[in-house]
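Mapping of the sequence shown onto this note's numbering: residues 142 to 499, in sequence order. Only one structure is covered here, and it is reproduced in the block below.
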Amino acid sequence: MRVLFILSDNIYLTPYFNFYKELLKKLSISYDVIYWDKNINEIITKQNYYRISFSGKGKLSKILGYVKFRKEIKKKLKENDYDMILPLHSIVSFILVDFLLFSFKNRYIYDIRDYSYEKFLVYRLVQKQLVKNSLMNIVSSDGYKFFLPMGEYFTTHNLPNMIELNEVKQLKNNSTFPIQLSYIGLIRFQEQNKKIIDFFANDSRFQLNFIGTNAGELREFCQEKNISNVNLVDTFQPKDTMSFYKNTDAVLNLYGNHTPLLDYALSNKLYFAALLYKPILVCEDTYMEKVSIENGFGFVLPMKDESEKDCLALYIQNLDRKQLIKNCDNFMDRISLEKQKTEIELEKRILSLRKKND
142 MRVLFILSDN IYLTPYFNFY KELLKKLSIS YDVIYWDKNI NEIITKQNYY
192 RISFSGKGKL SKILGYVKFR KEIKKKLKEN DYDMILPLHS IVSFILVDFL
242 LFSFKNRYIY DIRDYSYEKF LVYRLVQKQL VKNSLMNIVS SDGYKFFLPM
292 GEYFTTHNLP NMIELNEVKQ LKNNSTFPIQ LSYIGLIRFQ EQNKKIIDFF
342 ANDSRFQLNF IGTNAGELRE FCQEKNISNV NLVDTFQPKD TMSFYKNTDA
392 VLNLYGNHTP LLDYALSNKL YFAALLYKPI LVCEDTYMEK VSIENGFGFV
442 LPMKDESEKD CLALYIQNLD RKQLIKNCDN FMDRISLEKQ KTEIELEKRI
492 LSLRKKND
């Protein structure tokens, strides 16, 4: 049996790839990987990895990029006899809908990690067929069920490597200033980030850390406004992730709200926060607020009033750490069971498919 992974982004920005990759390794199933190196900074020399890269900016370049991307995928599909396809971004499933429905019916995974183009009727109609004819539908947030078509969905979560976390878990409160607030990962939604920086600007009680690809884009803004309590670190090696979290008091997850892209998602930061016993700052009226508050490790920060910073400082420095740890452990126990249930079902369906092909 041979499987083709298709990623319309960099591998280092697709952490859930490991979930599938490790399962295939466990089942001794070979695979190839086609990935789009959008940031032009990821070259993998392994024989079964195929890098695709297109340059250009703007909507037209983006459309042409996907046309070329589809062409390269078609070429790969013709060259090899694959038994299953794993598109790891929903846009990939959309641009390959003809192949999936007619050549790989019940032999592909439909994986949804974001709200994307659901506002368009044609996309929703295609999505309905993709859900209906897949081997399995997998989502990273139950919140997505609010906008997805009716169907059978299984939930998995983008859990980081557990082994690396033990030395970084925060078991005691940090009673010193400045309080370290960190946004670690791909830096997106820059206008919202500027709003965050403005809100905390030069408040000596807080240090903001934006760490990840695109962080450098905020440098000019900080310099123009003479803001000194912001630390910017651009693209870093995944192995350094834990060292950045180790120096964090609270996780920044203030992406924004009142748009489907942000209202229903559960970000990787939720799991880092819970696993490392760190509170997470979230926006109101989002699924992130619901999950983090219900599970006792979230703090809602609307950024509408200066007094919110006083409340945040008191909250961080007077945390009931023992209760926070208990809340985080209870949450992760439930998440791990849910992930395990999905993995067992996925393994069962892949093995059934392999048996049919033998």
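All C-beta atoms, glycine included, are put in the ideal place defined by N, C-alpha and C.
Candidates the options, of which the one nearest residue i by Cα
i	options	result
Q458	D224, I170, C363 and N315	N315
Q188	Y172, S196 and G199	Y172
H298	F158, Y256 and R265	F158
F287	E308, T427, E486 and G439	T427
V371	S282, R329, P319 and T354	P319
S281	L416, L411 and L453	L411
L262	Y386, P290 and F341	P290
F341	K450, E488, L465 and R143	K450
N471	N436, C452, I485 and I184	N436
K489	Y153, K167, P156 and L145	K167
E447	L359, Y396, I184 and I337	I337
C469	P443, C363, K480 and S433	S433
E361	S169, T186, L145 and K335	K335
K313	M473, E484, L465 and K496	L465
C424	K480, Y396, I184 and I476	Y396
M473	D499, N409 and L487	N409
D255	L237, I421, T400 and Q481	T400
F243	E259, M225 and F295	M225
F240	L453, K431 and L145	L145
Y285	L276, E259 and E308	E259
L205	P228, N498 and I236	I236
P156	P379, K203, Y264 and I279	P379
CA-to-CA distance, residue j to residue i, given in whole angstroms
i	j	result
L148	I491	20 Å
N388	Q321	7 Å
L478	K246	29 Å
D381	A414	16 Å
G439	D222	47 Å
K198	D252	27 Å
L417	Y153	21 Å
S231	K467	35 Å
P301	L164	15 Å
L403	L494	35 Å
T483	K217	29 Å
E220	L407	37 Å
Y294	K366	47 Å
F377	L201	30 Å
Y207	T296	28 Å
Y456	M444	15 Å
L453	I250	42 Å
C363	S369	7 Å
T186	L306	29 Å
L276	D283	19 Å
K162	G292	25 Å
V174	D375	26 Å
V238	K179	22 Å
Q481	T317	39 Å
Simplified DSSP assignment, three categories, for residue i
i	result
F261	coil
F240	helix
N159	helix
D404	helix
S323	strand
D173	strand
V371	strand
G439	strand
T296	strand
D249	Rather than Asp, the amino acid found at residue 249 in this sequence is Tyr. Three-state result, Y249: strand.
Y428	helix
Y285	helix
R329	coil
V144	strand
F413	helix
F421	Here the sequence assigns Ile to residue 421, which means Phe is not the residue at that position. Strand, per DSSP.
Y190	strand
Counted within 10 angstroms of its Cβ, other Cβ atoms place residue i as buried (16 or more) or exposed
i	result
N151	buried
P405	Note on residue identity: the sequence assigns Tyr, not Pro, to residue 405. Classification of Y405: buried, given that the 10 Å Cβ count is 16 or more.
M429	buried
Q311	buried
S234	buried
I181	exposed
L266	exposed
K419	buried
L442	buried
I485	exposed
P228	buried
N498	exposed
CB contact below 8 Å: residue i versus chain B
i	result
I175	The structure shown contains no chain B; it holds only a single protein chain.
Is the region 390–398 in contact with the region 321–333, if contact means three or more CB pairs nearer than 8 Å?
Judged by Cβ distances under 8 Å, the region 390–398 makes contact with the region 321–333, as three or more pairs qualify.
Could you tell me whether the region 327–336 touches the region 345–363, where touching means 3 or more Cβ pairs closer than 8 Å?
Yes: at least three Cβ pairs fall under 8 Å.
Is it true that the region 267–276 meets the region 334–353, where meeting means three or more beta-carbon pairs spaced less than 8 Å apart?
They do not touch, by the three-pair rule.
contact_flag[the region 182–199, the region 207–214] where n(CB pairs < 8 Å) is 3 or more:
The region 182–199, when compared against the region 207–214, does touch it at the 8 Å Cβ threshold.
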